[in-house]
Structures are given as structure tokens and as C-alpha cells.
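**Q** Here the working numbering = 1-based position in the sequence shown + 26.
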Amino acid sequence: MTGLDSLSIKHQLKRLLSFGFVRSYVPGLSNGVFVGSKVTSIYYLNLDHPQLRVKQRQRGLVVYATQGPNKYDMLESAMPTIEALKVLGPRALDMLYHKLASHTSHLLTAIWTDPEHELVDVKAAVFERIAGELGGPLTVGADRGVPGPWDGLMESFHAEACRWAESIYKGLRRMKVWQGYRPQLVRLIPAPVRSDGWSIVSLVVYPAPRASNTCLWVWDVRGGRLDSYVREDALDLALRYEVALLTKAP
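1. In this structure, how does DSSP classify Arg155 when only helix, strand and coil are distinguished?
2. Take Ala91 as the anchor and find which of Ala260, Ala237, Tyr207 and Leu198 has the nearest alpha-carbon.
3. State the start and end residues of the unbroken alpha helix (DSSP H) segment that holds Asp120.
4. Mark Phe183 as exposed unless 16 or more other C-beta atoms lie within 10 angstroms of its C-beta, in which case mark it buried.
5. Taking DSSP as the reference, what is the three-state secondary structure of Tyr98?
6. Could you name the residues of the same chain whose beta carbon sits closer than 6 Å to that of Cys241, not counting the 5 residues immediately before and after it, in chain order?
7. What whole-angstrom Cβ distance do Leu126 and Glu186 have, given they're in contact under 8 Å?
8. When you compare the region 215 to 224 with the region 154 to 163, are there three or more beta-carbon pairs, one atom per stretch, that lie closer than 8 Å?
9. Does the beta-carbon of Ala264 have 16 or more other beta-carbons within 10 angstroms, so that it is buried, or is it exposed?
10. Helix, strand or coil: which one does DSSP assign to Ser34?
11. Mark Ser34 as exposed unless 16 or more other C-beta atoms lie within 10 angstroms of its C-beta, in which case mark it buried.
12. Across which residues does DSSP place Ile68 in a beta bridge pair?
13. Could you check where the alpha helix (DSSP H) with Gly86 kicks off and where it finishes?
14. Could you tell me which of Ile156, Trp138, Leu145 and Arg85 sits nearest to Met180, measuring between CA atoms?
15. Across which residues does DSSP place Val231 in a beta bridge pair?
16. Can you round the beta-carbon distance between Asn72 and Arg49 to whole angstroms, since I take them to be within the 8 Å contact cut?
17. Do Ala104 and Asn57 count as a contact pair if the criterion is CB distance below 9 Å?
18. Measure the beta-carbon distance from Thr139 to Arg236 and round it to whole angstroms, keeping in mind my assumption that it falls under 8 Å.
19. Which residue wins for smallest C-alpha separation from Lys196, given the options Pro141, Ala150 and Pro175?
20. For Phe45, tell me which candidate among Ile194, Val212, His75 and Gly250 has the shortest Cα-Cα distance.
21. How many Å lie between Ser63 and Pro233 at the Cα?
22. Quick one: residues in its chain with C-beta nearer than 6 Å to the C-beta of Arg213, no 5 flanking neighbours on either side, listed in chain order?
See the structure below:
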């Protein structure tokens with residue numbers, strides 16, 4: 027589509043990463059847990075980059091930090107058995123985590139936009155999306171009548187996405203984040219696993235809330251706090267790299 031060879035594309039992607047237009051990315055891979063086996067890379071874009079010359083920030087940001095569960099706890103809950111989790115390599119686990127965040131984004135958008143709305147149709151649509159992505163060759167055994175470690179994969183993955191979305195929304199309400207605000211779109215950017223017990227995910231929301239501070243860092247723990255910033259680039263640069271809002275080119 028670009029008319030460039032793969033080497034030139036890699037070079038240009040590294041430039042976009044170094045300039046901050048691509049926040050972070052998850053390399054694609056081949057793994058039988060995914061339908062079709064091959065999964066393309068995921069790129070998180072920074073559409074409010076200063077060099078795009080947007081007159082005003084069109085998106086808001088919430089960096090949401092809690093004391094767990096972390097990535098591996100959620101993936102363990104999202105898999106039907108521990109055995110199923112163990113056979114996947116780290117790259118497949120990372121991709122599954124970001125896929126889980128993607129489906130959670132759709133659910134959280136619906137919950138936050140209209141908390142009183144019946145979510146049956148939304149949850150059904152998300153389940154269909156999950157079914158279109160998961161349940162590849164690994165779910166098919168020689169004897170379909172004998173339960174295997176992958177039976178129930180889509181159901182458990184869907185249940186964890188619902189739990190995560192509802193947990194985040196309850197935390198946002200508890201911490202009084204932009205009361206009365208109703209986003210049209212929410213997208214989650216998971217941070218890398220930390221060793222200090224904190225589990226962090228960033229929520230990019232559209233449109234930006236009508237508030238003096240469109241960037242919040244939420245510490246959702248007992249006695250927690252909410253730190254406000256005028257906009258995202260007011261955050262400490264090291265913190266933005268730490269939570270994968272920016273990623274250095276490899």
C-alpha cells in the first residue's frame with residue numbers, strides 16, 4: 027500500500043516512534059490460539075501530537091493506577107485453564123493482553139457513555155468480535171467430544187473483559203473523574219508489568235472533556251489521589267515512557 031519495501035517501512039516506523047507519532051506497538055506473530063494463526067502488529071497512535079498542529083487538544087487522557095490485578099492475573103482469569111496459559115509464549119501472551127484491552131475499550135465506552143443503558147447487545151457484539159479473533163487451530167482436538175484445555179476460551183476471555191471494564195468505570199466514579207462527562211470513544215493503552223505492585227492502564231478519551239485539565243493521573247487505592255494536568259504533555263516525560271504513552275524506537 028505504501029509502495030515501500032519492508033526495510034524502508036521499518037525505518038519510517040522507527041522515525042515515527044522516535045518523533046512520538048506512534049506511542050507504542052505490539053509486534054505481530056503467528057500462534058494457533060488466534061483465528062487464522064497470523065496476527066498483525068498493533069500500533070497506538072498519538073493523534074494529539076503537537077506537530078499535527080491541532081488548534082486544541084481533541085482527546086483527554088486518564089492514567090489509571092491500581093494495586094492489581096496485573097497483566098498475568100488478568101490473563102490467568104481470561105484463560106479457561108492454567109494449562110492453556112502455560113503453553114503460550116511471552117509474545118502471544120502480550121498480544122492477548124492487548125487484545126483484551128481492545129475489547130475492554132469497547133465495553134468501557136458503552137458503560138461510561140450511558141451507565142443506565144442495557145449492555146446486553148454491546149456485550150453480545152464484543153463476544154462476536156472475540157469469537158472472530160480467538161479459537162484457532164489449538165481449540166480443535168482429535169476427539170471433539172473430549173474437553174480440552176482450550177474449551178471455554180471465548181467465554182472466559184469475554185467475562186474478563188466485562189469485569190475489567192466494569193472495574194475501571196467503578197474506579198473512575200469512586201475517584202470523581204470528570205463528573206458528568208460522557209465520552210464518545212475510549213481506548214485503553216496498557217502499561218508494561220511493574221515490579222512494585224501497581225497495575226497501570228491509560229485511557230485515551232474522545233472528545234476532550236470541557237475542563238481546565240484534560241489529563242489526569244488517578245491513584246485508585248484507599249486514601250488515593252487524583253493529580254491534574256492541563257494536558258498530556260504536561261506529564262513528566264519519563265512517566266510517559268514508563269506507562270507506554272511514548273516508546274523509544276528499538
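Ideal placement from N, C-alpha and C gives every residue a C-beta, glycine not left out.
The model shown is predicted, which means the values in this text are computed figures rather than measured ones.
**A** The answer reads as follows:
1. helix
2. Leu198
3. Pro116 to Thr139
4. buried
5. helix
6. Leu87, Tyr255, Arg257 and Glu258
7. 7 Å
8. no
9. exposed
10. helix
11. exposed
12. Val52
13. Gly86 -> not in any alpha helix (DSSP H); beta strand (DSSP E) instead, spanning Gly86 to Thr92.
14. Ile156
15. Gly86 and Val212
16. 5 Å
17. no
18. In fact, because the Cβ distance is near 16 Å, the residues do not count as touching under 8 Å.
19. Pro141
20. His75
21. 35 Å
22. Ser131 and Val230
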